[in-house]
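Remarks on the structure that follows.
Residue numbers (the UniProt record's numbering): 1 to 272.
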């Protein structure tokens, strides 16, 4: 099992609130994961590493596709999400192996497929972590990575930036962290190039567009159930409610939709 590194800020901010993440499954995580699995095409009897597996949105359907003769190591740093995944799978999928661990130091290699859905942004070093995952693929095997496209989740960041107190030391700096994308990897072309530099060959990246209408409840869930939660995690109940009210009020100004467009890239590790 990979060593579990010091708890990242985004995991600390979710302490006691992982249900909010799971509540977005049908709205966000499942559709994006289905689109990824459609392109990663897990095959019968394959060995798969599902990195940053969360509560199993991509790992569970992958386990169904590899069948009882395959193996899916589904790894995430967040133990509560791994437990949700275990409960969902039950005993019907012995090929699914949910595990708590750090995929950036995962010690096992030789996988037919490595896939990572919306995870590499949270690596301490996205480039190094992605290269490590590529090295977990057997020569000739494939890797599939999904990231947010340019502009994705920007509306949520704009609304939250307007709602947060500007003089509260409990609120992290918002200038850089509001980005949901990886610099230099937010279009299909530059994402393919970025992954090629990490060791993949024959990379094909495509844009998967999606927009979602926002109502006040969903708009706030997109804060409490995503990485944006880090900006309200340290606030007391009264301050947080004031932020929520200002945030929801902002919906009446500008667009009432959020861009959930992703980039999905498929590549192969070159044969030795």
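Beta carbons are placed, not taken as given, at the ideal position from N, Cα and C, and that holds for glycine.
Looking at the backbone, the Cα of residue 255 and that of residue 270 are separated by about 44 Å. Rounded to whole angstroms, the Cβ separation of residue 22 and residue 55 is 5 Å, and the two are in contact under 8 Å. About 7 Å separates the beta carbon of residue 118 from that of residue 32, a gap short enough to meet the 8 Å contact definition. Per the DSSP secondary-structure output, residue 145 pairs in a beta bridge with 116, 265. Here residue 73 is buried: its Cβ has 16 or more other Cβ atoms, across all protein chains shown, within 10 Å. Residue 121 is positioned such that its CB atom lies closer than 8 Å to that of residue 147. Under the DSSP assignment, residue 87 falls outside any beta strand (DSSP E), being part of the alpha helix (DSSP H) whose first and last residues are 79 to 89.
Within the model, the alpha-carbon separation for residue 86 versus residue 98 is close to 6 Å.
Contact fails between the segment 153 to 163 and the segment 79 to 96, because fewer than three Cβ pairs, one in each stretch, are under 8 Å apart. Taking every protein chain shown into account, the CB of residue 108 has fewer than 16 other CB atoms within 10 angstroms, so this residue is exposed. Taking every protein chain shown into account, the CB of residue 34 has fewer than 16 other CB atoms within 10 angstroms, so this residue is exposed. Around the CB of residue 68, fewer than 16 other CB atoms lie within 10 Å, so the residue is classed as exposed. According to DSSP, residue pairing for residue 99 in a beta bridge involves 75.
Leaving aside the five residues that flank residue 203 on each side, the residues in its chain whose CB is nearer than 6 Å to its CB run, in chain order, 192, 195, 196, 265, 267. Taking all protein chains shown into account, residue 63 has 16 or more neighbouring C-beta atoms within 10 Å of its C-beta and is therefore buried. Counting only the Cα atoms, residue 224 lies some 18 Å from residue 84.
Counting only runs of 3 or more residues that sit fully inside the segment 189 to 243, the beta strand (DSSP E) segments are 201 to 208, 211 to 213, in chain order. Proximity to residue 248 across 46, 215, 110, 233 peaks at 215, based on C-alpha coordinates.
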